[in-house]
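Q: Attaching a single structure in structure tokens format; questions to follow.
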Amino acid sequence: MKNAEIAKLFDRTADVMAVLGVNSFKILAYRKIVRTLEELPQDIEVLAASKELENVPGIGESSAEKIREYLRTGHISEFEEVWKEIPAGVMDIMKIPSVGPKTAALLWQEGGITSVAELKAKLDAPNLAGLSKIPTLGEKKLQKIKQNLAFLSTSSGRVRLGEAMPIALELVEFLRKVPGVQAAQYCGSLRRGKETIGDIDIAVAAEEKHAKAIGKAVTKHAQCAEVIAEGDTKTSIRTIGGMQVDVRVVPAESYGAAVQYFTGSKEHNVKLRELAIKKGYKLNEWGLFKGDKQVAGRTEAEIYETLGLACLPPEMREDRGEIDLAAEMWARKPGVPPTWETLELTDLRGDLHMHTVASDGTKSIDEMVAECKRRGYIYCAITDHSKSQFQANGLKSDRLLEHIEAIHAVAKQAKGILVLAGSEVDILADGSLDYEDELLAKLDWVIASPHAALSQESDPATTRLVKAMSNPYVCVIGHPTGRLVPSRKGLEPDMQKVVFAAARNGVALELNANTMRLDLRDTHLRMARDAGVKVCINTDAHSFQDMDQMIFGVITARRGWLLKEHVLNTLPVEGFRKWMKNRKEAAGW
DNA sequence: GCCGTTTTCGGCCCGACTGTTTTCAGTCG
């Protein structure tokens, strides 16, 4: 798929045009295309082959032609002309926080700086090498740039969902105890459950007279390493771990509006504002207004409902059609759910991907099963690694046979929980499995997962996964792309083909809940849902703590618009048994 | 550059904070 690389070209061009001072709406249009391309589940090449490309929202005639030029020639000549107008290093300067296009242009044109290294040298030089003589570039601004530059070199940018969540929870808990605080809620991409988080936004309800003291309290918290901004209602800090946290204090009558506004996404909010304007309202973080009169804002639901929309969970607010859905729900259209029964953690009845000391886990079969019971699960599967995973102590055939016996022995003793003898079998590079069929037939539950050859091309990756699903013993494909957030891309198969093959074979696809993986990802889950493929949310636990990751699977499932009915392991025992029976019969198991 | 249940032309979301400014531009979310 060339979606991502084309997105990068538009992004770079938008950056260059911003420095050049091109019409900002043109830049905005390009930014929208970047985001569209990054999230587009279909292959851009397939779309470009037909008139469908022009039907993608945000892509018009002119951009479609540029995309086709790139697919034809590997270049977009007009973009390359634009890039020539600015030294490449100037673009890197813009990556420094507090340096936008205007400042970058100033540093380049007035200061003669064309790279981050040159900028750093001048900032370190005596008297800032005269940079502060440039109009509108004062000493304070330059010091700030210097600080941010130092920060940039030590931080890695966005952090995983699972890393940001504990910090946010700690600060929210803290804030709820600060005098005058009536309510506090983390918002932003964290509340939407994105796989990586740039910074933490927290909305606080309190009377105006307390606002300053609440902001002050945040700057005194043990997590605070640096105060970035401190205003009347807004306080920004950097934590000791390097995360930026923005805290906004609003009165209770605006709290819902603030929570809605800071939860975003930005694109969702833009759509919502446009809708508000169309209906004669004005929407901002203080509330929904008709003229000067506030008509909603105490709660989020109030705002959506006044605009004639159902209030959907934050995870869906990505401008991927949820506003149309919300309008249809409000209008009680036939074929549209009357209420959105959001998937909850308590809907999950079992964990079907777990490791023990037999391979690379840290607990015994007994202990894992007992922990599952403690968590209220009514079924589970023990799925240790297969033989190719020798570094993870994968089981050779003879050991697997013994392991199956051992699991069945535990299963017999276990009360109130169905225990399946399973395996996480490697899908080898060519799509064949790591165990013979005769051995697979002895298992109750087979996950087939790719672990090696994760950088193979798209076409063989597609063939690999589709072939694995044609094996009659495979119940589910584990972490289908093998990606790691944020470091490893993993496989990039034609996901539409993979999903159709899963539907054809009655195989489930895993949503691996570990925040290192979150695989399948949100857009892929949506495809699975639309194709009627069951999704299995598993933690891939190697320890008890790993099982806590289930919530992140649930959150990611919500981002893919999954409801309880789309998730295999929400079924009661009988329903789950029936699904397995159907799968086995269909496959001639 | 994109788009249309007021429009094929004329719009395109909105506010807080900072810094460099005597009234506002730039950046960020």
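Heads up: the first sequence is residues 23 to 611, going by the numbering used here. Glycine is no exception: its CB is placed at the ideal position from the N, C-alpha and C atoms. All figures in this text were calculated on a predicted structure; none of them were measured in a lab.
1. Using DSSP with H/G/I as helix, E/B as strand and the rest coil, what is Arg320?
2. On the criterion of 16 or more Cβ atoms from any shown chain inside 10 Å, does Gly343 qualify as buried, or is it exposed?
3. Please confirm whether Lys88 and Ile81 have their CB atoms less than 7 Å apart.
4. Is it buried or exposed, Lys231, if we count other Cβ atoms within 10 angstroms and call 16 or more buried?
5. Is the beta carbon of Cys558 less than 7 Å from the beta carbon of Leu590?
6. Use the C-beta contact count for Asp448: other C-beta atoms within 10 angstroms, 16 or more gives buried, fewer gives exposed.
7. Does the contact criterion of 3 or more C-beta pairs under 8 Å hold for the stretch 527-541 versus the stretch 572-581?
8. Using the C-alpha atoms, what's the distance from Leu531 back to Phe364?
9. Tell me which residue opens and which closes the alpha helix (DSSP H) that Ser84 is part of.
10. Determine whether the beta carbon atoms of Asn170 and Ile118 lie at a separation below 7 Å.
11. Which runs of the beta strand (DSSP E), 3 residues or longer, sit entirely within the stretch 200-224?
12. Could you round the C-beta distance between Gly453 and Ala392 to whole angstroms and report it? I think they count as a contact, below 8 Å.
13. So what's Thr364 in DSSP terms, helix, strand or just coil?
14. DSSP state of Arg339, grouped into three classes?
15. Ignore the nearest five residues each way along the sequence and tell me which others in Asn25's own chain have a CB closer than 6 Å to its CB.
16. Take the Cβ of Gln131 as the centre, count every other Cβ of all protein chains shown within 10 Å, and call the residue buried at 16 or more, exposed below.
17. Would you kindly work out how many angstroms separate the C-alpha atoms of Ala239 and Val200, rounded to a whole number?
18. Could you tell me whether the Cβ atoms of Trp352 and Ala403 are closer together than 7 Å?
19. Would you mind reading off the limits of the beta strand (DSSP E) that contains Tyr401?
20. In its own chain, which residues sit with a C-beta less than 8 Å from the C-beta of Pro335, not counting the 5 before and 5 after it?
21. Could you check where the alpha helix (DSSP H) with Ala525 kicks off and where it finishes?
22. Short of 7 Å in beta carbon distance, which residues of its chain neighbour Glu337, apart from the five on each side in sequence? Order them along the chain.
23. Which residue wins for smallest C-alpha separation from Ala609, given the options Asp552, His501, Asn493?
24. Please confirm whether Ile469 and Val507 have their CB atoms less than 7 Å apart.
25. Check Ala251 in the structure and name its three-state DSSP category.
26. Taking the alpha carbon of Val271 as the reference point, which residue from Ala235, Lys288, Gly263, Glu289 has its own alpha carbon closest?
27. Compute the Euclidean distance between the alpha carbons of Ala228 and Ser120, then round it to the nearest angstrom.
28. Let me check understanding here. Comparing Cα to Cα, which of Arg34, Ala553, Ser276 lies closest to Met116?
29. Ser154 to Leu164, Cα distance in whole Å?
30. Cutting at 6 Å between CB atoms, please list the residues of its own chain near Gln571, excluding the five before and the five after it.
31. Cα separation between Glu307 and Leu331?
32. Assess contact between the stretch 364-377 and the stretch 308-324, defined as three or more Cβ pairs (one per stretch) separated by less than 8 Å. Is contact present?
33. What span of residues does the alpha helix (DSSP H) with Asn25 cover, start to end?
34. Out of Glu427, Val138, Gln316, state which residue places its alpha-carbon closest to the alpha-carbon of Lys168.
35. Report, in whole angstroms, the separation of the C-beta atoms of Gln316 and Glu275, which I expect to be a contact under 8 Å.
36. Do Thr257 and Gly237 come within 7 Å of each other at the CB atom, strictly closer than that value?
A: Looking at the atomic coordinates:
1. Numbered from 1 along the first sequence, position 298 holds the residue referred to as residue 320. For Arg320, the three-state secondary structure derived from DSSP is coil.
2. Here the question's residue 343 lines up with position 321 in the first sequence. Gly343 should be labelled exposed.
3. Mapped onto the first sequence, residue 88 falls at position 66. Mapped onto the first sequence, residue 81 falls at position 59. Not in contact: Lys88 and Ile81 (Cβ atoms no closer than 7 Å).
4. Here the question's residue 231 lines up with position 209 in the first sequence. Burial is judged here by how many other beta carbons sit within 10 angstroms of a residue's own beta carbon; Lys231 has fewer than 16 and is exposed.
5. Counting from 1 along the first sequence, the entry for residue 558 is found at position 536. Counting from 1 along the first sequence, the entry for residue 590 is found at position 568. Judged by beta-carbon spacing, Leu590 lies within the 7 Å limit of Cys558, meaning their Cβ atoms are closer than that value.
6. If you number the first sequence from 1, residue 448 lands on position 426. Taking all protein chains in view, the Cβ of Asp448 is crowded by 16 or more other Cβ atoms within 10 Å, so the residue is classified as buried.
7. These segments touch.
8. The count along the first sequence starts at 1 and reaches residue 364 at position 342. The count along the first sequence starts at 1 and reaches residue 531 at position 509. A quick correction: the sequence has Thr, not Phe, at residue 364. Spanning the alpha carbons of Thr364 and Leu531 requires a straight line of approximately 20 Å.
9. Walking along the first sequence from the start, residue 84 turns up at place 62. The continuous alpha helix (DSSP H) containing Ser84 extends over residues 83-95.
10. As a working note, residue 170 is residue 148 in the first sequence. As a working note, residue 118 is residue 96 in the first sequence. Yes, Cβ-Cβ distance for Asn170 and Ile118 is below 7 Å.
11. Correct list: 203-208.
12. The residue given as residue 453 occupies position 431 in the first sequence. The residue given as residue 392 occupies position 370 in the first sequence. The beta-carbon distance between Gly453 and Ala392, rounded to whole angstroms, is 37 Å. This is too long to meet the 8 Å contact definition.
13. Working through the first sequence from its first residue, we reach residue 364 at position 342. Strand.
14. Walking along the first sequence from the start, residue 339 turns up at place 317. Correct three-state label for Arg339: coil.
15. Residue 25 sits at position 3 when you count from the first residue of the first sequence. Beyond the five residues adjoining it in sequence on each side, Asn25 comes within less than 6 Å, by CB distance, of Leu59, Leu62, Ile66 in the same chain, given in chain order.
16. The residue labelled residue 131 in the question sits at position 109 within the first sequence. By the Cβ-count criterion, Gln131 is exposed, with fewer than 16 other Cβ atoms from all chains shown falling within 10 Å of its own Cβ.
17. Along the first sequence, one-based indexing puts residue 239 at 217. Along the first sequence, one-based indexing puts residue 200 at 178. Between Ala239 and Val200, the C-alpha separation is close to 8 Å.
18. Your numbering for residue 352 matches position 330 in the first sequence. Your numbering for residue 403 matches position 381 in the first sequence. Result no, Cβ atoms of Trp352 and Ala403 do not sit closer than 7 Å.
19. Position 379 of the first sequence, counted from the first residue, corresponds to residue 401. 401-407 is the span of the beta strand (DSSP E), which, as asked, contains Tyr401.
20. Residue 335 sits at position 313 when you count from the first residue of the first sequence. Answer for Pro335: Trp362, Thr364, Arg580, listed in chain order.
21. Reading the first sequence from its first residue, position 503 is the one you call residue 525. Where Ala525 is concerned, the enclosing alpha helix (DSSP H) starts and stops at 517-527.
22. The residue given as residue 337 occupies position 315 in the first sequence. Annotation for Glu337: Arg214, Gly215, Ile577, Arg580, Arg581 place their beta carbon closer than 7 Å to its own, counting only its chain and skipping 5 residues before and after.
23. By one-based count along the first sequence, residue 609 stands at place 587. Residue Asn493 is the option with its Cα nearest to Ala609.
24. Position 447 of the first sequence, counted from the start, is the residue given in the question as residue 469. Position 485 of the first sequence, counted from the start, is the residue given in the question as residue 507. No, the pair does not count as a contact, with Cβ atoms beyond the cut-off.
25. In the first sequence, residue 251 corresponds to position 229, counting from 1. Looking at Ala251 - three-state DSSP - the assignment turns out to be strand.
26. As a working mapping, residue 271 is identified with position 249 in the first sequence. When C-alpha distances from Val271 are compared across Ala235, Lys288, Gly263, Glu289, the shortest belongs to Ala235.
27. One-based indexing of the first sequence puts residue 228 at position 206. One-based indexing of the first sequence puts residue 120 at position 98. Distance between the alpha carbons of Ala228 and Ser120 is about 30 Å.
28. What you label residue 116 is simply residue 94 of the first sequence in a count that begins at 1. For Met116, the nearest C-alpha among the options comes from Arg34.
29. Counting from one through the first sequence, the residue named residue 154 turns up at place 132. Counting from one through the first sequence, the residue named residue 164 turns up at place 142. The straight-line gap from Cα to Cα measures roughly 7 Å.
30. In the first sequence, residue 571 corresponds to position 549, counting from 1. Answer for Gln571: Ala535, Asn536, Thr561, listed in chain order.
31. Translated into positions along the first sequence, residue 307 becomes position 285. Translated into positions along the first sequence, residue 331 becomes position 309. Spanning the two alpha carbons is a distance of roughly 18 Å.
32. Flag = no, the stretch 364-377 and the stretch 308-324 do not touch.
33. Counting from one through the first sequence, the residue named residue 25 turns up at place 3. Counting along the chain, the alpha helix (DSSP H) containing Asn25 begins and ends at 25-42.
34. Counting from one through the first sequence, the residue named residue 168 turns up at place 146. For the residues Glu427, Val138, Gln316, the minimum Cα distance to Lys168 belongs to Val138.
35. Taking the first sequence and counting its residues from 1, one reaches residue 316 at position 294. Taking the first sequence and counting its residues from 1, one reaches residue 275 at position 253. Yes, they are in contact, since the Cβ atoms of Gln316 and Glu275 sit about 7 Å apart, within 8 Å.
36. The residue labelled residue 237 in the question sits at position 215 within the first sequence. The residue labelled residue 257 in the question sits at position 235 within the first sequence. Against a cut-off of 7 Å, the Cβ pair of Thr257 and Gly237 comes out as a contact.
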